[in-house]
Amino acid sequence: MRISIFLLMVLVLASCAEEQKYQPFQSVTVTPVYEDSVSIRAITFLDGRTLAFAGSNGMYGTVDVTSHKVRANMQTYDSLTPSFRAVGKTTNDFFMLSIESPALLYKTGSGGKMEVVYQEEGEGVFYDAMAFWDDTFGIAVGDTVDGCLSIILTKDGGQTWSKLPCASLPKGIEGEGAFAASNSNIAIAGNKVWIGTTEGRIYYSADNGATWEIQQTPIIHEEPTQGIYSMDFYDEYVGFAIGGDYTSPEFNQKNKIITVDGGKTWNLIADGKEPDYKSCVQFVPNSEGKGLVAIGFTGISYSGDGGENWKELSEEPFFTLRFLNDSTAYAGGSKRIAKLEFN
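In structure tokens:
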């Protein structure tokens, strides 16, 4: 019995698709690539070969992920040594944002030096995270000042930044902020953005930050050290957030939430189960929204079923991670950066 060429091609393609289906991870190999007396909570890939980082003591730099050659530098401002916990990038530029007043936002300048493109001083000024939608629109978030969350936007690729007035934002809660733990409490998909706060609330915009609304979540936020520490979206609909309490890191109740409708509704998941407190969560690329890795000073945990069940892959402590591809990530932590190879 002869099989037509067309039917044969269909069978081959179906077989390939079956082979390429997402395979859950069973283990992780941790390889240190950079060690120094610096706390690193913000990393981003500039391209498929270059990881950029910024941290405490004014330190910033890049790691060549092929050779693991590190180029590090120190940024000062007058007599100050800024501490960085937020970074971002466009096709042509790298950005880093310091935390306390004066908040200093740097971008790649001429002659290989970083230049300040935004500065803010005042009581309560403390910036936590930043991200870019594309080469034009970017956003950074900070704690509440004068009654509303601090949100600054750029519409020209990071050349200039402007702060949203409180009249353009939902009413804030006194003391509400965003944890500067891993540069991952801002999630972006399409023109949409979600910002997780210490009050367990999510600020949501569908138009690059022009208009805003609040999405309330059931994540725990009874104490100042509780709330949403990190969030990620696989696409415009499926999102995951994690937190807990870093002062009680074994606590794992009401610290993980999921949405499948773009944040219209958020539900607790794996409640009272592992993992406990984590400072960063990221979807595994090409995992159909099923693969999640959560990381913190409590170790590395993994879920292969969208957050329903988790297992600890390593006790290695880190603050933040980003995926290079669907099996390799890099993580930043206390005094180090490491390569994570998932198997």
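Numbering (mature numbering (1 follows the signal peptide of the UniProt record, and there is no 0)), first residue to last: -17 to -1, 1 to 326. Beta carbons: idealized from backbone N, C-alpha and C, even for Gly.
Residue 172 bridges to which residues according to DSSP?
The residue labelled residue 172 in the question sits at position 189 within the sequence shown. According to DSSP, which records beta bridges pairwise, residue 172 is partnered with 175.
Under 8 Å, do residue 319 and residue 163 count as touching if we go by C-beta distance?
What you label residue 319 is simply residue 336 of the sequence shown in a count that begins at 1. What you label residue 163 is simply residue 180 of the sequence shown in a count that begins at 1. Going by C-beta atoms, residue 319 is not nearer than 8 Å to residue 163.
Going by DSSP, what residue range makes up the beta strand (DSSP E) through residue 268?
Locating residue 268 in the sequence shown gives position 285, counting from the first residue. Here residue 268 belongs to no beta strand (DSSP E), and DSSP marks it neither H nor E.
At the level of alpha carbons, what is the spacing between residue 326 and residue 16?
Here residue 326 refers to the residue found at position 343 when the sequence shown is read from its first residue. Here residue 16 refers to the residue found at position 33 when the sequence shown is read from its first residue. Going by the C-alpha atoms only, they are around 19 Å apart.
Which runs of the beta strand (DSSP E) fall wholly inside the stretch 81 to 169 and span at least 3 residues, in chain order?
With a minimum length of 3 residues, the continuous beta strand (DSSP E) runs that stay inside the stretch 81 to 169 are 86 to 91, 97 to 103, 110 to 115, 121 to 128 and 131 to 137.
Please report how far the alpha carbon of residue 18 lies from the alpha carbon of residue 34, in whole angstroms.
Locating residue 18 in the sequence shown gives position 35, counting from the first residue. Locating residue 34 in the sequence shown gives position 51, counting from the first residue. Computed Cα separation, rounded: 15 Å.
I'd like to confirm the pairing. Which residues does DSSP put opposite residue 319 in its beta bridges?
Within the sequence shown, numbered from 1, the residue matching residue 319 stands at position 336. Paired residues: 18 and 316.
Look up residue 62 in the DSSP assignment and say whether it is helix, strand or coil.
As a position in the sequence shown, residue 62 is number 79, starting the count at 1. If DSSP states are grouped into helix, strand and coil, residue 62 belongs with coil.
On the criterion of 16 or more Cβ atoms from any shown chain inside 10 Å, does residue 284 qualify as buried, or is it exposed?
Within the sequence shown, numbered from 1, the residue matching residue 284 stands at position 301. Per the 10 Å Cβ criterion, buried.
Tell me, which residues are paired with residue 324 by DSSP?
Within the sequence shown, residue 324 is the residue found at index 341, counting from 1. Residue 324 is bridged to 12 and 311.
Compute the Euclidean distance between the alpha carbons of residue 86 and residue 4, then round it to the nearest angstrom.
Counting from one through the sequence shown, the residue named residue 86 turns up at place 103. Counting from one through the sequence shown, the residue named residue 4 turns up at place 21. Near 45 Å, if we compare the C-alpha coordinates of residue 4 and residue 86.
Below 8 Å, how does it come out for the stretch 90 to 98 and the stretch 45 to 52: are there three or more Cβ pairs, yes or no?
Short answer: they don't touch.
Shortest alpha-carbon distance to residue 137 belongs to which of 287, 124, 149 and 131?
Position 154 of the sequence shown, counted from the first residue, corresponds to residue 137. Among 287, 124, 149 and 131, the Cα nearest to that of residue 137 is on 124.
Pick out whichever of 36, 161 and 79 has its Cα sitting closest to the Cα of residue 107.
Position 124 of the sequence shown, counted from the start, is the residue given in the question as residue 107. Cα-wise, what sits closest to residue 107 is 161.
May I ask you to report which of helix, strand or coil DSSP gives residue 56?
As a position in the sequence shown, residue 56 is number 73, starting the count at 1. Strand.
Helix or strand or just coil, what does DSSP make of residue 40?
Sequence index remark: in the sequence shown, residue 40 carries index 57 (1-based). Reduced to three states, the DSSP call for residue 40 is helix.
Just to confirm my understanding: we take residue 20, look at its own chain, exclude 5 residues before and 5 after, and list those with CB closer than 8 Å. What are they?
Within the sequence shown, numbered from 1, the residue matching residue 20 stands at position 37. Once the five neighbours on either side are set aside, the close Cβ partners of residue 20 are 40 and 318.
Thinking residue 191 and residue 120 are a contact (beta carbons under 8 Å), I'd like their distance in whole angstroms, please.
In the sequence shown, residue 191 corresponds to position 208, counting from 1. In the sequence shown, residue 120 corresponds to position 137, counting from 1. Sure, about 5 Å apart at Cβ, within 8 Å.
Measuring alpha carbon to alpha carbon, tell me which of 312, 324 and 321 ends up nearest residue 31.
Start at 1 with the first residue of the sequence shown, and residue 31 comes out as number 48. Of the candidates 312, 324 and 321, the one whose C-alpha sits nearest the C-alpha of residue 31 is 312.
Taking all protein chains shown into account, do 16 or more other C-beta atoms lie within 10 angstroms of the C-beta of residue 24, making it buried, or fewer, making it exposed?
Taking the first residue of the sequence shown as 1, we reach residue 24 at position 41. Burial call: buried.
Do residue 212 and residue 226 count as a contact pair if the criterion is CB distance below 8 Å?
Translated into positions along the sequence shown, residue 226 becomes position 243. Translated into positions along the sequence shown, residue 212 becomes position 229. For residue 226 and residue 212, yes; Cβs fall inside 8 Å.
Please confirm whether residue 272 and residue 289 have their CB atoms less than 8 Å apart.
Within the sequence shown, residue 272 is the residue found at index 289, counting from 1. Within the sequence shown, residue 289 is the residue found at index 306, counting from 1. Yes, the pair counts as a contact, with Cβ atoms nearer than the cut-off.
Taking the CB atoms as reference points, tell me whether residue 110 and residue 134 lie closer together than 8 Å.
The residue labelled residue 110 in the question sits at position 127 within the sequence shown. The residue labelled residue 134 in the question sits at position 151 within the sequence shown. It is not a contact, given that the beta carbons lie outside the stated cut-off.
Counting only the same chain and skipping the five closest in sequence on each side, list residues whose C-beta sits under 7 Å from that of residue 73.
Counting from 1 along the sequence shown, the entry for residue 73 is found at position 90. So the list reads 115, 118, 140 and 141, once near-sequence residues are dropped.
For residue 179, which residues in the same chain have their Cβ closer than 6 Å to its Cβ, ignoring the five residues on either side in sequence?
The residue you call residue 179 lines up with position 196 of the sequence shown. 168, 185, 211, 214 and 224.
Out of 305, 286, 304 and 175, which has the shortest C-alpha to C-alpha gap to residue 296?
If you number the sequence shown from 1, residue 296 lands on position 313. Ranking 305, 286, 304 and 175 by Cα distance to residue 296 puts 286 first.
Which term fits residue -1, buried or exposed, when burial requires 16 or more other beta carbons within 10 angstroms of its beta carbon?
In the sequence shown, the residue the question calls residue -1 occupies position 17. Its pLDDT being 43, under 50, residue -1 is placed unreliably in this model, and the coordinates cannot settle the point.
Assuming residue 209 is part of the beta strand (DSSP E), what are its boundary residues?
Along the sequence shown, read from residue 1 onward, the residue named residue 209 stands at position 226. Looking at the DSSP string, the run of the beta strand (DSSP E) that includes residue 209 is 209 to 216.
List the endpoints of the continuous beta strand (DSSP E) containing residue 297.
As a position in the sequence shown, residue 297 is number 314, starting the count at 1. Segment 294 to 297, the beta strand (DSSP E) holding residue 297.
What are the boundary residues of the beta strand (DSSP E) that includes residue 188?
Walking along the sequence shown from the start, residue 188 turns up at place 205. Note, residue 188: beta strand (DSSP E), 184 to 188.
Under a Cβ-count criterion, where at least 16 other Cβ atoms within 10 Å of its own Cβ denotes burial, should residue 321 be classed as buried or exposed?
Walking along the sequence shown from the start, residue 321 turns up at place 338. Label assigned to residue 321: buried.
Are residue 356 and residue 245 closer than 8 Å when you measure CB to CB?
Because the chain in this structure spans residues -17 to 326, residue 356 falls outside the shown range and cannot be described.
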